[in-house]
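Novice: The listed protein sequences correspond, in order, to chains C and B. So in this note's numbering the end of the first sequence lands on 164, straight run, no missing numbers. So in this note's numbering the end of the second sequence lands on 1521, straight run, no missing numbers. Note that beta-carbon positions come from the ideal geometry of N, C-alpha and C, so glycine has one too.
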Amino acid sequence: MSVSKKVVLLGHFGVGKSSLLRRFVENTFSENYTVTIGVHIMKKEVIVEGDRITLVIWDVEGTDDFTKYRPSYLMGASSFIYVFDASRPVTYSDIKYNLDHLNEKFPEVSVHIIGNKVDLVDSDELLEELRSKDIQHSYLSSAKTGENVELLFKNVAAQLLEDA
Amino acid sequence: MLDKLREEYLKNTIQIVVIDNDNKVVATDNSLFTLQADSDITEFHPFFYVISSLFEDDKTEQKFYCVQMEIRGKTCFYDIRSRVDRKKKQVVLFIEDLSDHYKTVHQIKQVRNESIINFNITQELNHELNVQRGFKNKFLANVSHEIRTPLNSILGFLSVLENTDIDREQLDLINIIKDSSKNLVSIVDDLLDISKIEAGKLEIKNKRFNFKKFTESLITTYRLRTQEKRLEFVADVSDNIPSFLIGDHLRINQILVNLLENSLKFTHQGKIHFRVFTPSRNMRRIPVTFEITDTGIGIPNKHLESIFESFTQVEKRGLFGGAGLGLSIVKQLTQLMDSDLEVESVENEGSTFRFTLSMGISHDQKDSKDSRFRTKKTGKNQRNGAKKYRILLGEDIEVNQLLMMKLFADEGSYSLDIAKNGEKVVQFIENYHYDLILMDLTMPVMDGIDATARIRNHPNRKIQKIPIIALTGRTSEEERQASKEVGMNAYLTKPIDPSLLFKTIDRLIHRYKNKRTELEA
Chain C
1 MSVSKKVVLL GHFGVGKSSL LRRFVENTFS ENYTVTIGVH IMKKEVIVEG
51 DRITLVIWDV EGTDDFTKYR PSYLMGASSF IYVFDASRPV TYSDIKYNLD
101 HLNEKFPEVS VHIIGNKVDL VDSDELLEEL RSKDIQHSYL SSAKTGENVE
151 LLFKNVAAQL LEDA
Chain B
1001 MLDKLREEYL KNTIQIVVID NDNKVVATDN SLFTLQADSD ITEFHPFFYV
1051 ISSLFEDDKT EQKFYCVQME IRGKTCFYDI RSRVDRKKKQ VVLFIEDLSD
1101 HYKTVHQIKQ VRNESIINFN ITQELNHELN VQRGFKNKFL ANVSHEIRTP
1151 LNSILGFLSV LENTDIDREQ LDLINIIKDS SKNLVSIVDD LLDISKIEAG
1201 KLEIKNKRFN FKKFTESLIT TYRLRTQEKR LEFVADVSDN IPSFLIGDHL
1251 RINQILVNLL ENSLKFTHQG KIHFRVFTPS RNMRRIPVTF EITDTGIGIP
1301 NKHLESIFES FTQVEKRGLF GGAGLGLSIV KQLTQLMDSD LEVESVENEG
1351 STFRFTLSMG ISHDQKDSKD SRFRTKKTGK NQRNGAKKYR ILLGEDIEVN
1401 QLLMMKLFAD EGSYSLDIAK NGEKVVQFIE NYHYDLILMD LTMPVMDGID
1451 ATARIRNHPN RKIQKIPIIA LTGRTSEEER QASKEVGMNA YLTKPIDPSL
1501 LFKTIDRLIH RYKNKRTELE A
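#1: Within the same chain, show all residues whose beta-carbon is closer than 7 Å to that of B:L1416, passing over the 5 residues directly before and after it, in chain order.
#2: By Cβ distance, which residues of its chain are closer than 8 Å to B:H1433, with the 5 residues on each side in sequence left out?
#3: Which of the three DSSP states is assigned to B:S1345 in this structure?
#4: With a threshold of 8 Å between beta carbons, is C:Y97 in contact with chain B?
#5: How would you label B:T1532, buried or exposed, when you count the other beta carbons within 10 angstroms and need 16 or more for buried?
#6: Does any C-beta atom of chain C lie closer than 8 Å to the C-beta of B:G1318?
#7: For a minimum of 3 consecutive residues, which ranges assigned as the beta strand (DSSP E) are wholly contained in the stretch 1077–1110 of chain B?
#8: Cβ closer than 7 Å: which chain B residues qualify as neighbours of C:V35?
#9: Just to confirm my understanding: we take C:I159, look at its own chain, exclude 5 residues before and 5 after, and list those with CB closer than 8 Å. What are they?
#10: Does the beta carbon of C:R70 sit closer than 8 Å to a beta carbon anywhere in chain B?
#11: Express the C-alpha separation of B:I1255 and B:F1209 in angstroms, rounding to a whole number.
#12: Go ahead and pull the three-state DSSP assignment for B:Y1049.
#13: Alpha carbon to alpha carbon, how far is C:I113 from C:V15? Give it in angstroms, no decimals.
#14: Please classify B:S1358 as buried or exposed, where buried requires at least 16 other C-beta atoms within 10 Å of its C-beta.
#15: Please check the pair B:K1271 and B:V1234, which I expect to be a contact at CB under 8 Å, by giving their CB distance rounded to whole angstroms.
#16: In chain C, what lies closer than 7 Å to B:V1050 by C-beta?
#17: Please state whether the Cβ-Cβ distance between B:Y1526 and B:D1435 is less than 8 Å.
#18: How many Å lie between C:G146 and C:E26 at the Cα?
#19: Can you name the residues that DSSP bridges to C:G115?
#20: Based on the DSSP output, what are the partners of B:N1210 in its beta bridges?
#21: Rounded to the nearest angstrom, what separates B:H1045 and C:Q136 at their Cα positions?
#22: B:L1032: buried (16+ other C-beta within 10 angstroms of its C-beta) or exposed?
#23: Measuring CB to CB, does C:V60 end up less than 8 Å from C:Y69?
#24: Return the CA-CA distance between B:I1565 and B:Y1102, expressed in angstroms with no decimal places.
#25: Determine whether the Cβ of C:V25 lies closer than 8 Å to any Cβ atom of chain B.
#26: Please tell me whether C:V56 and C:V118 are closer than 8 Å, where the distance is taken between their beta carbons.
#27: Run the CB neighbour count on B:N1152, radius 10 Å, all protein chains shown included, and call it buried at 16 or more, exposed below.
#28: Taking B:K981 as the query, report the chain C residues whose CB atoms sit under 9 Å from its CB, ordered along the chain.
#29: According to DSSP, is C:M42 helix, strand or coil?
#30: When Cβ atoms are compared, which residues of the stretch 1121–1145 of chain B fall closer than 9 Å to chain C?
#31: How would you call B:M1001, buried or exposed, if buried means at least 16 neighbouring beta carbons within 10 angstroms?
#32: Assign B:Y1222 to buried or exposed, taking buried as 16 or more other Cβ atoms, counted over all protein chains shown, within 10 Å of its Cβ.
#33: Just mark B:E1169 as buried or exposed, buried being the case when its beta carbon has 16 or more other beta carbons within 10 Å.
#34: Based on the DSSP output, what are the partners of B:R1354 in its beta bridges?
#35: For B:I1177 and B:D1440, I'd like the C-alpha separation in whole angstroms.
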């Protein structure tokens, strides 16, 4: 039997949340930036070691202040994917503040932190920068090249199956 | 009638769907899109997976704003309101089509977000550029300082060597080494200036100065320099420029020397024409235009912009030497003085460099103030027969100690003691009498600044007042300011110019002696 779980992509605008989703679901990528307003939802079935899970992924409009997210967008979520743009430090400068908010309001929901657009930066410099800011990221990805995108969602799925 | 109109309007904008707790469609009016009764609504769109969590939520009603859905190839935006009926185990959804409204919002947010992202990217690039520039400037400043210290020894010992018993050929060789070393000093100075300008640490200091004498001295120097190269030097300084102006004469001099040296370097026949003029005579400020024209090799049109970049030389074969910093400094200095450097040039015919400064006119056009700064000449002969002055040198580097010993041995009017750090300096002055202290700023155990602070706060008033001259390889304004604030009386940079050193020593000792007499009286 296939289970379905809600996963929400969060982060500042322009960090590549929609691009990660399209790369994962449709295996497509566009250089053109199109703003997401409200919420755009896609789903994909993932098989992990023979078990099936349908990830229902909510790609919500970007914001720098997570306290402003509409509660209805986040209700029922099983996992959050916090995406930042590796080439724009402003998109991860407030990560601790936003994580505190998520941990307080959704203590049961796991959070995966993703540094996207790594194709635009020197990864050694980025890792040093993240270390200096004490940011514990889960993955560094690129929706453009596809680096780590499949792996990210598969691991999210695996964790959800484990918790189910 | 109104009811009918309302019904028609709502029919096109709102769809009502009833769904059970198995996500099956119980009822629908299909106003916006078609749903089959008893079908699984999650198959229509993944948004509807949310229904199961609506039953788990405490609230009966929820509202989902701006839900984006692709319906028959068209992007639609819906606000969806849900109402849970727990008894019937059903959810009623009111789906309102607000596509037109949200499409306008989308356009506005697209423009706003794009501009913010572009701003972030520009900021990030600027930050990176500043980090790189900061690194470069710090590197240049440190390297310059490190080069300056051994250069001090080279130039100092050359001065000592040329006063020994040497023949004509040896003197010529010394002069060649001296010229090369001085050239190196000027490159180091240029490097320091570039790093200061780019770090925004170079300040323009406008002061009253004798403009007439300033231009006369420049003209005298370059008349001789051009004669040496068998070139003609024509100088035109307008009579209507007042004698005393307000400006940064040191920086103006640096600009003009750079431009004149450039003309001299690249002109092999013909003339150099130096013009200074003003179109008007105002009571308080006048624009003064400086123009240098030569009949040199000129600059190809395509290089007219790049000549102002650091480390750029049009002549790539290195025939003319230099680091390619001069014009970059000149350009940036003129900009710091709210002016700009213009250049006109024809290859193989010559170049004209021109800039105009807005300069203040001093209300006092008399020469009296200058005489106040004149110091009495106190050469070797004048000191003959007089008692020797006792000088204490605080210096940790042996080669610098040796150089100073040689310089003082040649002078003969002083006795020199050496302390190898600031702590020793303080100990020495407490045990012996000294007329003046020469203090290196960078020393181990206790540096020159700390040692000076101890001396200036010493309980013995005579010790407190001993004149102190800072000797340092560091040329930054901060260091100069720090030495002044701690109470040092003069600041000399390495390589030390012996004549300036002894002039400064004499001036301060005489001033100190007069004060001591006043104190004792």
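Specialist: A quick look at the data gives this:
#1: Counting from one through the second sequence, the residue named residue 1416 of chain B turns up at place 416. Closer than 7 Å at Cβ, skipping near neighbours: I1391, L1393, M1404, M1405 and F1408.
#2: Here residue 1433 of chain B refers to the residue found at position 433 when the second sequence is read from its first residue. Here the set comprises R1390.
#3: Locating residue 1345 of chain B in the second sequence gives position 345, where the first residue counts as 1. Strand, per DSSP.
#4: In the first sequence, residue 97 of chain C corresponds to position 97, counting from 1. With 8 Å as the cut-off, C:Y97 does not count as an interface residue toward chain B.
#5: With chain B covering 1001 to 1521 only, the question about residue 1532 of chain B has no answer from this structure.
#6: Stepping through the second sequence from its first residue, residue 1318 of chain B is reached at position 318. With a pLDDT of 46 at B:G1318, under the threshold of 50, the predicted position of this residue should be treated as unreliable, though the coordinate-derived value follows. Judged by the 8 Å Cβ criterion, B:G1318 is not in contact with chain C.
#7: 1090–1097
#8: Position 35 of the first sequence, counted from the first residue, corresponds to residue 35 of chain C. H1106, K1109, Q1110 and N1113, listed in chain order.
#9: If you number the first sequence from 1, residue 159 of chain C lands on position 159. The question names Ile, yet the displayed sequence has Gln at residue 159 of chain C. Result list for C:Q159: S79 and S110, in chain order.
#10: Taking the first residue of the first sequence as position 1, residue 70 of chain C is located at position 70. Yes, contact with chain B.
#11: On the second sequence, position 209 is the one that residue 1209 of chain B refers to. On the second sequence, position 255 is the one that residue 1255 of chain B refers to. Each residue's alpha carbon lies about 16 Å from the other.
#12: Residue numbering aside, residue 1049 of chain B sits at position 49 when the second sequence is read from its first letter. The answer is helix: DSSP assigns B:Y1049 an H, G or I state.
#13: Position 15 of the first sequence, counting from 1, holds the residue named residue 15 of chain C. Position 113 of the first sequence, counting from 1, holds the residue named residue 113 of chain C. Cα-Cα distance, rounded: 12 Å.
#14: Indexing the second sequence from 1 puts residue 1358 of chain B at position 358. That one is exposed.
#15: What you label residue 1271 of chain B is simply residue 271 of the second sequence in a count that begins at 1. What you label residue 1234 of chain B is simply residue 234 of the second sequence in a count that begins at 1. With 8 Å as the limit, B:K1271 and B:V1234 qualify as a contact, their Cβ atoms being about 6 Å apart.
#16: Working through the second sequence from its first residue, we reach residue 1050 of chain B at position 50. Result: G76.
#17: For chain B, the structure presents residues 1001 to 1521; residue 1526 of chain B sits outside this window and is missing.
#18: Along the first sequence, read from residue 1 onward, the residue named residue 146 of chain C stands at position 146. Along the first sequence, read from residue 1 onward, the residue named residue 26 of chain C stands at position 26. Taking the Cα positions, C:G146 is about 12 Å away from C:E26.
#19: Along the first sequence, read from residue 1 onward, the residue named residue 115 of chain C stands at position 115. Beta-bridge pairing links C:G115 to C:F84 and C:L140.
#20: Along the second sequence, one-based indexing puts residue 1210 of chain B at 210. Bridge partners of B:N1210: B:F1244.
#21: Counted from its first residue, the second sequence places residue 1045 of chain B at position 45. Counted from its first residue, the first sequence places residue 136 of chain C at position 136. Taking the straight line joining both Cα atoms gives about 35 Å.
#22: Along the second sequence, read from residue 1 onward, the residue named residue 1032 of chain B stands at position 32. Result: buried.
#23: By 1-based counting over the first sequence, the position of residue 60 of chain C is 60. By 1-based counting over the first sequence, the position of residue 69 of chain C is 69. Against a cut-off of 8 Å, the Cβ pair of C:Y69 and C:V60 comes out as a contact.
#24: Residue numbering for chain B in the displayed model covers 1001 to 1521; residue 1565 of chain B lies beyond these limits and cannot be assessed.
#25: As a working note, residue 25 of chain C is residue 25 in the first sequence. By this cut-off, C:V25 is not an interface position.
#26: As a working mapping, residue 56 of chain C is identified with position 56 in the first sequence. As a working mapping, residue 118 of chain C is identified with position 118 in the first sequence. For C:V56 and C:V118, no; Cβs fall outside 8 Å.
#27: Counting from one through the second sequence, the residue named residue 1152 of chain B turns up at place 152. Per the 10 Å Cβ criterion, buried.
#28: Not covered by the structure: residue 981 of chain B. The range shown for chain B is 1001 to 1521.
#29: Within the first sequence, residue 42 of chain C is the residue found at index 42, counting from 1. Here C:M42 sits in strand by DSSP.
#30: I1121, Q1123, E1124 and H1127
#31: Taking the first residue of the second sequence as position 1, residue 1001 of chain B is located at position 1. Exposed is the call here.
#32: Along the second sequence, read from residue 1 onward, the residue named residue 1222 of chain B stands at position 222. The residue is buried, with at least 16 neighbouring Cβ atoms inside 10 Å.
#33: As a working note, residue 1169 of chain B is residue 169 in the second sequence. The residue in question, B:E1169, is exposed, as its Cβ has fewer than 16 Cβ neighbours within 10 Å.
#34: Translated into the one-based positions of the second sequence, residue 1354 of chain B becomes position 354. Note: B:R1354 sits in a beta bridge opposite B:E1291 and B:E1342.
#35: By 1-based counting over the second sequence, the position of residue 1177 of chain B is 177. By 1-based counting over the second sequence, the position of residue 1440 of chain B is 440. Computed Cα separation, rounded: 26 Å.
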